[in-house]
Each structure stands twice: as C-alpha cells, then as structure tokens.
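Everything below concerns the one structure shown next.
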Amino acid sequence: MCGIAGLIHRGKSADIGSQMTSMLQALKHRGPDSTGYALYGDKGTKDYIMRFKVAEQEDLATGFDIHDIIIDRKNTVDERLKDMKVKVKDEVQVTEYAHRYTLSFDGDLKRVIDFVEDVEGVEILSMGHALELIKDLGDATVVSEQYKLGGFKGTHSIGHTRMATESDVDIRSAHPYWAYPFNDVSVVHNGQLTNYWTNRRDLERRGHRFMSDCDSELIAVYIAHRMDEGDDLESAMKRSVDHLDGVFTYLVATSNQLGMAKDVMAAKPMVLYESDDLIALASEEVAIRSIFPHEIDTFDPYEGEVRVWQS
Amino acid sequence: MAKLKKESESHKLGMHAEQLAGRTQQVFFSPSADENFVYHDSIEVDFDKVAEIDAGPMEIRDVNLRIRELMKEGYGTINVKNPSAKHSLGVGILNRLNLNFEGSLGYFGCGLADGPNIRISGRVGWSCAENMMSGTIVVEKNAGSTFGAAMRGGDLVCKGDVGSRTGIDQKGGTIIVGGRAGAFNGFMMQRGRIIILGDAGKNLGDSMYDGTIYVGGKIEDLGVDAVEGEITEGEEKWLEAKLGLYGMEAPNGVKNLTKIVAGKQLWNYDNLEPSEKKLVL
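Protein chains in written order, with this note's numbering: chain Z, -13 to 297; chain A, 14 to 294.
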C-alpha cells in the first residue's frame, strides 16, 4: 500500500523534521516496514551534503567481522574522496552504518559519486546543497529519533512509509530515492509500475545506474534522465504520466520545488491542502491533520494531474 | 430492508428503464414511514433528544460504539465534533438517526448505512457510503474516489467535487455531485442514478449494465457501451424535485442535463444462459 507525504513552506523555513515525522507517523498503518525522509534545509552554501550508508541494518547480524568491515568501508570512502581532491569539512556518524558528510568540491561530481559507490556495500543516499535523504527500517518515530530529525529546519520535504511488496525490506529498497546524479532531486512513490524492466533496461543502456530492484527507483532515474535531456521538472513529470505504465501517485522535490503526479486512472490516493504559505499533501487526510488540528479544506487531485509548487 | 414495492412513484413518472427483466432490487425508503423498520433490533429514538461526542481524543472504534450506546439510550440526534478525518466513522448504522459530523471524515466513512440521515460539514475521503442501503448522506464539501461504491439505496449527496469511480458497481439509490467528477464514474453500475452537475471525466459510465447518469457540464468522453439518452418529462420533474431536496439546481436547468444510459450492446446482453453460452463457444 505505502503512504507518501509532502509539504512545502512558501518563502520561509520551518521545523520540517518534526512536521514530516507527524505526517508519516499518521500514515504508519499504510506501511510499517521502513520510513524515509527527503528534507530540504536552508540553502546559501556552496558545500555539498552527502548522506551515505556503508551497510544495511540487517548486515549487522551477519557475523562478528561486519563491524570491522564497516569501518574499513568508511575508511575506503575517505581515501577515495581524498584521491578525488574532495575536502571533507565536517562528518557525523549518525548510526554505525550511516554517515553525513559536508563536502567542498568543484569538479566532476558524478565521477566522485561513482568512485565512492564502487566501494562494496556503500550507497550514497543523497548529494546536494539542500537535500538530506534519510531512510531506515521502522516507523517515523523510530527513524526520527535514530537520526535526530526533530528540529530539522528547512523549506520543504517529502516522505514515505513503506509496505514492501515487490522488493525486500531493506534500506536500499526504502524511499525516498535520490535522482542520481542530479543534486537535490528526490522521489517518493505509492503504487506499482508494470513496465519497469523495459524502462530500466532502456535507462541502463543510456548509462544510468540502479541501486535496487524496487520499481519506484525507476521514477527517480526517469525524471533524472528527462531533466538531463533538457526537460524542466514539470515537463519531465507530465511526460512520465504517459510513459510509465501502472498505478501510481508520486511526489518529486528539488532544491526549490515540490511536484506531484497521478496516473491516468487515479488508482492511488492523494489528498491536497493548499494555502498562501503552505502546501501539504498526503495519501490520507489524517496525515495533513496531524499538523493542522483545526478543520481545513482539502481535495483530491484528478487522474493524470501534475502539479508543481515553488518554495 | 425497506418494504419491496413493484410499483412506485418513479414508475408512475415513467422511469422504469433501469429495471432489469423479471427482477428488481429497487428499494424506496421513506424515513417517515414506520413500516420501513425491518431489523428486529431497531431502536426507537427521539430526534429531539440530542447528544454530543467529541471524537478528537477518541479511537475510531470507541466513537462508533458510543454512537450505538447513545442510540440505545434513545438519542435520535447525535453531533460528532472533531472527527479529524479519521477513517471508518459512522459505519454500519442500521437505524433511523440524525447524525451530524462537524468536520471531515477519512476513508470508508458511513459505509453500510441503512436508515440514518447523516450530514458531514467537511470533506470525506475515499469510499464514503460504500454499500449504502437507505437513508441520506450529505457532504457539504468535497469527496474522494469511489464515492457510493456498490450503493443500493438512499440519497448520497456531495455538494463539492468528487474523485474517480463514483458509483462504481452502483445497484440503486441516487448519487448527486454538485461539482466536478473524475474518471470512470458509474463504472459497471447496475441500477440507480448519478447526477453530476459539473464536468465529468473520461470513461463515463464504462460497461454500465443499467441505471442512468445525468451530467450538467462537459463530458470528457463516454466509456464502453455508454450512450446518450433522451430525458423524459417525468425525469425532469423527478430531477427538479430531487435536487430541490438538497437546495441544488442544475446549472442550465434539468432539461439541459445530458442523460447517459447503457447501450446494452456488450456480450452479456444476449439471451443465452451461461451454460448455453459455453455450448455455443
């Protein structure tokens, strides 16, 4: 089933970490397997923020050596960043397997990303000036506490609670997906894509990489591909509604935009609240009401509809 | 279940097109008629006896149980404050009751209703009034998809816009939409009526077996086997009366509503029994 949620504050920063946690916790019944956040913090720096993991949570139960292996992997990442002349200005170890780095670099970022991800077990969850992508097993409260997301200030966010159906319960199959290699682009999805493999093979032939077997990742890569071909976000999303087959409602965020798209049969729910200074949308109204205790006017976007909002 | 009548006001008005040969499930419920009480455990309630529930801090199950407790105590009017878009509120009420929700409901609200008059001041999520049997449900704002799915009787009204697949598999009763409706409305409907005063999305009435759809605005396109019909004088009277009950009007008058019915050209409209069909095939 899965639950998705998004919110965007127009022209101001707010405690999006706590707000998104409330929304996702209200959607827990739609999918308790994993929870993910794409949080867009305050911009204004040229530095990159890289969120990455060096193992899956379940790997920790695979033997005594894994703890040393994890340290080795992290050290290899550091060496490779140094080789690529990337300056690590700040680093935070969030969990035993998840890290947040602040990087300074002005070269070919895709080469750096590919070089780092070449280390076994390493996956870059996000890279960008504003985007911080966090995902792990458990419900929103668990993940929020684990990654200390309460008090995270920013302009907008998308999130996901996952009911695993077509791929495993692990972090690599959890949402959101970062639209590699585009900075600050992320996707969450509720639904199933029925032309996944056809599109995946096509995109792989064009040089794009997939980190999971989850059909939702295709949307992120597809949007990245279309933007690489020159589409803006809205055009890419409109094209996706015709190109992707199946039932889906998905949300995309960039450094300053939030977009939603619904398939042509409107088979997956989405409820939208729109005011002058805030847009909030979710699979169920209870998620929106979790940050608005008072009565609000909401509505369902229609089939095939694409909408994009600016922060 | 309300008393089954072969003849009814709608038949007198010449609106018997939806009746399939040899059988009917049409039920005409009158909230003022005592004989309509059929459930052995129906409760006598006093509509002047008013109670209030604050659903805000309560679990869904507790709200529904509290409604039943109050009915057993004879309360005929129950006002529910702060429903907060919770799911499955007001379900399975098989009794006369005035039930007012002061706010919005989530998914599956008021399903299986058989008798109550329900008003929701806010919006409802997906699958409101699923399998509704009789009574009235009025939503003052918008509704999500599958509004009135498999509905069998009563009046279901949304004064705002509705999502997709309104009246899917509808088997009776009337659905009224004040605004716009999404795609696939009346999909596989079997009986009953849908009145959409605004625009209707694509595939309207797709694979409908019977029943009637009226549209006041533009129709994006018709579904398989859905065709335009002519509105009779009797229908005009009925439409005006029905809309008037809820303070609603067709945008350009009921005469200018577009009527959609089943073309009955699909394979399932031949005269063969399923066993005979196998032999032919």
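Think of the CB as a built atom: it goes at the ideal place given N, C-alpha and C, for glycine as much as any other residue.
Who are the neighbours of D174/A on chain Z, taking C-beta pairs under 7 Å?
F285
Is there contact between the segment 91 to 106 of chain Z and the segment 150 to 161 of chain Z, where contact requires at least three CB pairs shorter than 8 Å?
no
Distance cut-off 7 Å: Y236/Z Cβ against heavy atoms of the ligand COA:
As presented, the structure is devoid of all ligands, the ligand COA included, so that no description of it is given.
In whole angstroms, give me the CA-to-CA distance for K99/A and L13/Z.
Rounded to whole angstroms, K99/A to L13/Z spans 12 Å at the Cα level.
Just to confirm, is the Cβ distance from D33/Z to S112/Z under 8 Å?
no
Identity of the residues DSSP links to L258/Z by a beta bridge:
L267/Z and F285/Z
Measure the Cβ-Cβ separation of D182/A and M202/A and say whether it is below 8 Å.
yes
Could you tell me how far apart the beta carbons of R132/A and S117/A are, in whole angstroms, since I believe they sit closer than 8 Å?
Contact between R132/A and S117/A fails: their C-beta atoms lie close to 13 Å from each other, not under 8 Å.
Starting from F60/A, follow the alpha helix (DSSP H) in both directions and report where the run begins and ends.
Run containing F60/A: none in the alpha helix (DSSP H); it sits in the beta strand (DSSP E), D59 to D67.
Give me the chain Z residues within the contact set of N155/A, using Cβ-Cβ distance strictly less than 9 Å, ordered along the chain.
Think of a sphere of 9 Å around the beta carbon of N155/A: the chain Z residues whose beta carbon falls inside it are D283, T284, F285 and D286, in chain order.
Under 9 Å from the C-beta of S367/A: neighbouring residues of chain Z:
Outside the modelled stretch of chain A, which goes from 14 to 294, sits residue 367/A, for which no answer is possible.
Roughly how many whole angstroms lie between the Cα atoms of E44/Z and P18/Z?
16 Å
So D1/Z packs on G137/Z, CB below 8 Å; how close in whole Å?
Approximately 6 Å separates the beta-carbon atoms of D1/Z and G137/Z; this is inside 8 Å, confirming the contact.
Just to confirm the assignment, what range does the beta strand (DSSP E) spanning A254/A have?
Segment E246 to L258 is the alpha helix (DSSP H) holding A254/A; no beta strand (DSSP E) there.
Those runs of the beta strand (DSSP E) which lie wholly inside the segment 82 to 145 of chain Z and span at least 3 residues:
84 to 90, 109 to 114 and 117 to 123
Residues that K99/A contacts on chain Z, provided the C-beta gap is smaller than 7 Å:
V272
Using a cut-off of 9 Å between C-beta atoms, extract the partners of E289/Z located in chain A.
G176, S177, G195, A196, F197, G214 and K215, listed in chain order.
Looking only at DSSP bridge pairs, what is R293/Z linked to?
M246/Z
With a cut-off of 8 Å on the beta carbons, I'd call E264/Z and H(-5)/Z a contact; round off their distance for me.
Here the sequence assigns Leu to residue 264/Z, which means Glu is not the residue at that position. Right, their Cβ atoms sit about 6 Å apart.
Are the CB atoms of G218/A and G199/A within a distance shorter than 8 Å?
yes
Flag R136/A as yes if its beta-carbon sits less than 8 Å from any beta-carbon of chain Z, otherwise no.
yes
Would you tell me roughly how many angstroms separate the C-alpha atoms of G216/Z and N169/Z, rounded to the nearest one?
About 15 Å.
Would you mind telling me which residues of chain A sit closer than 7 Å to R275/Z, beta carbon to beta carbon, in chain order?
S97 and A98
According to DSSP, residues forming a beta bridge with H(-5)/Z:
L264/Z
Cβ of W251/A less than 8 Å from any chain Z Cβ?
no
Sequence-distant residues of the same chain with beta carbon closer than 7 Å to P287/Z, five excluded per side:
M246, K248, M256, L258 and R293
With a threshold of 8 Å between beta-carbons, can G161/A be considered close to chain Z, or not?
No, G161/A lies away from the interface with chain Z (no Cβ there is under 8 Å from its Cβ).
Classify L279/A as buried or exposed, calling it buried when 16 or more other Cβ atoms lie within 10 Å of its own Cβ.
exposed
Under three-state DSSP, which class holds S8/Z?
S8/Z falls in the helix class under three-state DSSP.
What are the start and end residues of each continuous beta strand (DSSP E) run of 3 or more residues lying completely inside the segment 171 to 200 of chain Z, in chain order?
Complete beta strand (DSSP E) runs here, min 3: 172 to 179.
Identify the continuous alpha helix (DSSP H) that holds D312/Z and give its terminal residues.
One cannot answer for residue 312/Z here, as it falls past the ends of chain Z, which runs -13 to 297.
C-alpha distance - A213/A paired with R165/A, whole-angstrom precision:
22 Å
Quick check on I208/A: does DSSP put it in helix, strand or coil?
Secondary structure of I208/A (DSSP, three-state): strand.
Return the bridge partner residues of Q79/Z from the DSSP annotation.
H85/Z
Starting from the C-beta of M261/A, find all residues in its chain whose C-beta is less than 8 Å away, skip the five residues before and the five after it, and write them out in chain order.
V170, K172, I189, G191 and L210
Contact list for G116/A against chain Z, beta-carbon separation under 8 Å:
The contact set of G116/A on chain Z, defined by CB atoms closer than 8 Å, consists of E281 in chain order.
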